[in-house]
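Protein chains in written order, with this note's numbering: chain B, 1 to 544; chain X, 1 to 544. We treat Cβ as the ideally placed atom computed from N, Cα and C, and that holds for glycine.
There are 2 protein chains.
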Amino acid sequence: MHLVKTSEKYFKVDPWLVVEEGFDPAKQRLSESIFSVANEFMCVRGYFEEGYSGDHLLGSYFSQLYDLMDIKYPQRFKGFITEGATMLNAVDWLYTRISVDGEELDLAKVKFSDFRRTLDLRNAILKREFLWTTAQNKQLRITFLRFTNMVDTAMGCQRIIFEPLNFSGEVKVCSGLDFDTIYELAAGWDQTEGTGSSLEKKENLNFWTCQRKELTDGLYCIQARTERSKINLFSSFRLVADQTVNPRYVEREKFVGAEFSLQLQKNQATAFDKLVVNHWEETGGGEQVWQNGLRLAKKYSAVTYEGAFENHKQFWSDFWRRMDIEIEGDPELQQGVRYSIYTVYSNYHGESDRRNVICKLAGEVYNGVNFWDTEIYCHRMYMFLNPEIGRKLLMYRYHYLPRALENAKRVDLEGARYPFSTITGVEEMGAWQHVELEIHQNLAIYYAIWHYDKVCQDKQFLYNEGIEILLQMCRCMASWGGWSPKNGDFGFYGVMGPDEFHMMVNHNCYTNYMGKKMFNYTLAVLAEMKQTAPDLYDKAVKKV
Amino acid sequence: MHLVKTSEKYFKVDPWLVVEEGFDPAKQRLSESIFSVANEFMCVRGYFEEGYSGDHLLGSYFSQLYDLMDIKYPQRFKGFITEGATMLNAVDWLYTRISVDGEELDLAKVKFSDFRRTLDLRNAILKREFLWTTAQNKQLRITFLRFTNMVDTAMGCQRIIFEPLNFSGEVKVCSGLDFDTIYELAAGWDQTEGTGSSLEKKENLNFWTCQRKELTDGLYCIQARTERSKINLFSSFRLVADQTVNPRYVEREKFVGAEFSLQLQKNQATAFDKLVVNHWEETGGGEQVWQNGLRLAKKYSAVTYEGAFENHKQFWSDFWRRMDIEIEGDPELQQGVRYSIYTVYSNYHGESDRRNVICKLAGEVYNGVNFWDTEIYCHRMYMFLNPEIGRKLLMYRYHYLPRALENAKRVDLEGARYPFSTITGVEEMGAWQHVELEIHQNLAIYYAIWHYDKVCQDKQFLYNEGIEILLQMCRCMASWGGWSPKNGDFGFYGVMGPDEFHMMVNHNCYTNYMGKKMFNYTLAVLAEMKQTAPDLYDKAVKKV
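Next up, the structure:
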């Protein structure tokens with residue numbers, strides 16, 4: 001009955017790198033997760049872009065890009081939701097196929113050595129290299145580089161370098177954009193399986209319908225739409241090689257790409273770059289998204305891999321100068337701390353106040369939702385980095401205030417109840433014991449507002465949006481709470497506290513204490529506003 | 001957030017009857033449940049056998065006759081079962097269609113008055129009568145009678161009486177056996193709906209495949225098989241009318257029946273009886289079940305409706321003489337108590353030690369499983385009525401001891417863990433908070449064994465089967481429990497107590513106390529056996 005979490009020392013320790021030397025297929029899903037690169041807008045797991053027939057999870061995600069899925073229960077009770085948004089596996093924009101003498105590269109099948117996968121935390125770039133020995137004993141060193149541009153976040157960049165050690169000759173490549181990806185979790189979230197998902201049925205796990213494909217001005221473009229949420233995602237790429245290539249345009253149902261050959265010279269490196277531009281809009285119609293996507297792709301059509309990487313590197317360098325934590329004498333801890341900072345910042349860096357630090361951008365479990373973690377753990381890192389980002393994360397909640405009001409009504413509460421887990425602003429997950437009993441999301445949001453006020457003193461936010469959020473959250477907590485029949489004291493009954501384990505707890509210390517602090521703080525803000533900003537006070541009181 | 005249960009006074013109060021005067025279609029599902037008749041072997045809800053197009057649940061069930069269904073979760077954790085047995089809606093053996101001048105009788109559509117539905121608790125018979133006024137102003141009084149024979153439990157008996165008030169003429173009847181019934185709960189158990197089931201999809205809710213149909217020697221026979229559990233159910237009927245009828249044999253995919261006309265005389269009652277014999281076997285092959293069913297049908301082929309009812313009445317009369325509780329001065333309470341006794345005894349009367357007092361035989365919610373209610377509430381009524389029945393209910397648990405051992409292993413426990421809810425001896429339901437946290441099923445079984453020992457002193461059972469059950473249950477509870485880090489005392493952590501509400505409770509008083517009593521009692525039985533039955537002591541200790 002006990003879950004044991006043990007730490008395994010699979011990756012090499014280095015203050016600025018995460019290194020995998022030699023490849024263990026049994027650890028591929030883990031490695032894919034660890035070697036993810038992301039830029040808030042999008043994320044790709046560290047999967048093998050050349051195709052891999054072993055067990056793995058090819059994952060390419062866009063923060064907030066969801067489809068809606070049914071949620072089933074053995075027994076459904078009041079409040080249980082039956083449909084929820086979930087971050088969908090999207091376009092494989094790294095798609096590549098490589099062959100020599102008709103032998104296709106697949107690390108589950110070919111002979112290879114000197115495998116090394118390295119994530120450079122300083123520059124947020126993933127490098128993978130190995131030596132492929134073909135059936136005909138040709139030795140070809142291949143290096144894959146990829147990064148998701150932190151400055152122009154629509155851009156994903158890939159470079160592949162070939163270096164033949166004992167031959168000169170041809171390598172055939174197919175590079176493309178593939179919407180025929182599998183969203184595994186739709187088959188059920190099975191936490192009894194190592195992989196997290198129960199793949200009894202592998203079919204019907206793709207939720208994209210291709211809308212349009214085109215090759216125009218050297219731009220390979222494709223757009224597909226999600227099934228229920230009807231979200232359009234545009235994806236495009238350009239190829240830049242250090243030799244003249246003659247690509248052939250290829251189309252399949254959910255795929256566009258280019259097939260070409262590269263002429264390799266013994267002991268000489270030959271590379272090609274794939275410069276990808278992705279664009280999506282939650283509500284835009286197909287034509288609008290296509291036009292906006294194409295415009296963006298053209299805007300970036302002169303950007304080189306090196307140019308993009310220069311900007312990207314500079315951005316991360318600025319970040320690390322401010323936010324690095326140096327730990328002397330403990331290289332493991334040093335690596336761990338930097339990896340954590342890297343991960344959080346890759347997930348969200350304040351580009352948009354319509355995105356959030358979501359639970360996991362690098363995989364499917366937890367459905368790409370955000371929980372209360374942002375406000376209770378992450379908010380201060382961002383606030384101390386830049387108050388503007390601190391404000392954006394709070395504005396994210398303000399935008400979803402109307403949905404939080406709906407979410408309260410769903411379970412007969414008043415005011416605003418921010419969901420336990422959300423993409424669209426309402427509740428997205430079916431684990432009712434958490435969803436219905438954890439009522440401290442509101443309290444975490446109060447805490448971030450309070451902390452932001454104390455540190456940044458942004459009264460503009462506090463007296464306009466902040467107070468509105470606070471008042472509606474107080475209303476909700478007042479309607480949840482009850483008076484003790486023993487001593488008449490107010491408190492919360494039947495909750496799950498922040499341990500996220502014990503159910504139906506009365507007077508959970510954390511929940512009660514934070515609730516009290518929220519009520520008191522809200523009263524204090526009102527008193528303060530009455531004195532220093534009576535107009536805004538009137539406005540707020542009238543509005544809610 | 002609060003569920004309110006209010007009592008409505010819809011039915012008439014009478015010490016021995018439950019009466020519905022006038023028909024409220026909005027209460028049909030409730031009435032069908034209240035007006036069920038059952039004889040342990042089978043149960044039919046009080047549905048309108050002539051067909052009814054309004055909202056209702058045509059339910060015909062056989063205790064322990066199940067099919068297996070998938071159980072889905074938003075997130076699956078260790079211990080969650082993914083398939084469970086559930087009591088299947090079976091053959092509609094009361095199936096009747098009635099028409100006059102081409103107008104089909106359907107109380108949702110025709111004009112009728114003087115509706116009265118009466119359950120006679122003393123004789124366990126359901127009567128329904130009304131006056132049908134046809135479109136051509138013909139007035140036809142119809143009375144339906146039905147009972148499930150308590151003596152020969154394979155037999156279901158139906159009588160329909162026609163009395164035309166203002167005409168002489170023909171009534172057309174179709175009487176049959178219909179396996180094309182709908183198992184609603186397979187569409188999901190939605191407790192937010194009044195009906196208990198969410199019928200978004202009405203299709204694919206029948207799990208019967210017809211195997212064979214035949215008319216032989218006046219016996220209309222049909223046999224069908226469940227989808228996954230492959231259980232064969234044989235059903236047959238004979239018709240007996242008080243005039244010569246010329247039935248035409250009718251077959252459909254999952255149906256056999258007889259079409260015939262009755263000639264009615266003004267102000268004169270004309271009746272026909274349908275005498276049904278049902279038979280099923282959990283493991284028997286199709287041919288075996290058919291032959292055994294047919295043999296049984298032939299065995300009962302001379303039994304008349306009156307003869308069957310005479311035996312049935314006598315059986316109930318003997319029962320009431322022993323078990324009736326008379327309450328003077330409070331007719332509502334008198335009716336309520338008798339109805340409760342009637343319901344429990346209809347559910348189980350000790351015919352078989354392979355059946356149990358299941359949670360609900362008269363509908364689909366709770367899946368036809370048995371819980372801990374039998375041992376903790378019902379066992380003493382049976383034991384005081386007849387010690388033999390008390391023993392049978394305990395033997396039921398003994399038969400399933402091997403499955404209880406499996407059920408413990410499933411969640412890493414030792415010994416025997418009797419399931420929270422079961423038909424086949426393992427866990428059948430997916431409400432994990434109950435299934436995994438309520439560990440007092442074992443304790444209820446201990447309690448029944450202890451009580452049976454105290455009252456009936458059946459040392460034969462106790463020293464053979466009883467001690468084996470006790471030892472394996474003790475083992476399980478020892479492996480669940482833990483020692484308090486505070487004071488070293490032993491107890492049970494993370495349980496749901498008998499309130500069936502609070503989750504993850506440590507040291508729940510009932511659970512701890514009953515656990516202690518079980519351990520002590522088992523030790524006492526062992527000490528007693530060592531002295532008075534050392535051979536059986538050695539045998540028991542060696543076996544477990």
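List the residues of chain X whose Cβ lies closer than 8 Å to the Cβ of residue i, in chain order.
i	result
I358 (chain B)	Within 8 Å Cβ-Cβ: nothing; I358 (chain B) doesn't reach chain X, min ~17 Å.
W483 (chain B)	Those within 8 Å of W483 (chain B) in chain X number zero; the least Cβ separation is about 15 Å.
Whose Cβ in chain X lies nearer than 7 Å to the Cβ of residue i?
i	result
H579 (chain B)	A question about residue 579 (chain B) goes unanswered here, because the residues of chain B that appear run from 1 up to 544.
With a threshold of 7 Å on Cβ separation, who are the neighbours of residue i within its own chain once the five nearest residues in sequence on each side are excluded?
i	result
V13 (chain X)	P331, E332, Q335
Y52 (chain X)	D106, L107, A108
N246 (chain X)	F260
Quick one, which of the options has its alpha-carbon nearest residue i's?
i	options	result
N89 (chain X)	X:L177, X:F315, X:Y66, X:D101	X:Y66
V100 (chain X)	X:F144, X:Q433, X:G169	X:G169
R116 (chain B)	B:K266, B:H502, B:Y510, B:F11	B:F11
A408 (chain B)	B:V455, B:C174, B:A478, B:R355	B:A478
R248 (chain X)	X:F384, X:F260, X:D242	X:F260
I98 (chain B)	B:K127, B:C174, B:R397, B:G218	B:C174
E306 (chain X)	X:Y342, X:D499, X:N149	X:N149
C359 (chain X)	X:R410, X:E375, X:E351	X:E375
Y366 (chain B)	B:T181, B:W93, B:I160, B:A186	B:A186
M69 (chain B)	B:A38, B:F48, B:V525, B:G188	B:G188
L119 (chain B)	B:M473, B:F207, B:Y47	B:Y47
Between residue i and residue j, what straight-line distance do the alpha-carbon atoms span, to the nearest angstrom?
i	j	result
E251 (chain X)	S63 (chain B)	59 Å
L264 (chain B)	S113 (chain B)	20 Å
R295 (chain X)	F77 (chain X)	48 Å
S198 (chain X)	L215 (chain X)	Residue placement at S198 (chain X) cannot be trusted, given a pLDDT of 49 that sits under 50; what the coordinates show is reported in the next sentence. Roughly 38 Å between the two C-alpha positions.
Y61 (chain X)	Q136 (chain X)	38 Å
H379 (chain X)	R355 (chain X)	13 Å
G102 (chain B)	E50 (chain B)	15 Å
M155 (chain B)	L57 (chain B)	22 Å
C476 (chain X)	R417 (chain X)	6 Å
K266 (chain X)	A297 (chain X)	35 Å
N348 (chain X)	A302 (chain X)	For the sequence presented, residue 348 (chain X) should be read as Tyr rather than Asn. Rounded to the nearest angstrom, the two C-alpha atoms are 27 Å apart.
V344 (chain X)	I445 (chain X)	19 Å
M529 (chain X)	Y463 (chain X)	7 Å
Interface residues of chain X around residue i at Cβ under 9 Å?
i	result
G430 (chain B)	Y73, P74, Q75
Going by beta carbon distance, what residues of the same chain come within less than 6 Å of residue i, once the five residues before and after it are set aside?
i	result
K111 (chain X)	T133
K213 (chain B)	I222, E251, V256
Y521 (chain B)	W450
Y510 (chain B)	G497, P498
T422 (chain X)	V369, E428
E281 (chain B)	V289
N166 (chain B)	Q139
K127 (chain X)	T118, L145
Find the residues of chain B that neighbour residue i, judging by a C-beta separation of less than 8 Å, and give them in chain order.
i	result
D373 (chain X)	None at all; the shortest Cβ gap to chain B is about 18 Å.
F501 (chain X)	M504
G188 (chain X)	K72, Y73, R76
Might you give, ordered along the chain, the residues of its own chain that have their beta carbon closer than 8 Å to the beta carbon of residue i, omitting 5 neighbours on each side?
i	result
W320 (chain B)	R122
F272 (chain X)	R159, I160, V173, S175, L239, V240, A241, D242, V245, L262
- Enumerate, from N- to C-terminal direction, the unbroken beta strand (DSSP E) stretches of 3 or more residues contained entirely within the stretch 142–180 of chain B. 155–164, 169–178
- Item | Whole runs of the beta strand (DSSP E) within the stretch 233–304 of chain B, excluding any shorter than 3 residues | 248–252, 255–264, 270–281
- Query: Which parts of the stretch 86–136 of chain X are runs of the alpha helix (DSSP H), unbroken and 4 residues or longer, counting only runs that do not cross its ends?
  - Reply: none
- Task: Just list the beta strand (DSSP E) runs in the stretch 45–83 of chain X, keeping only unbroken ones of 3 residues or longer that don't cross its boundaries, in chain order.
- Result: 60–62, 66–70
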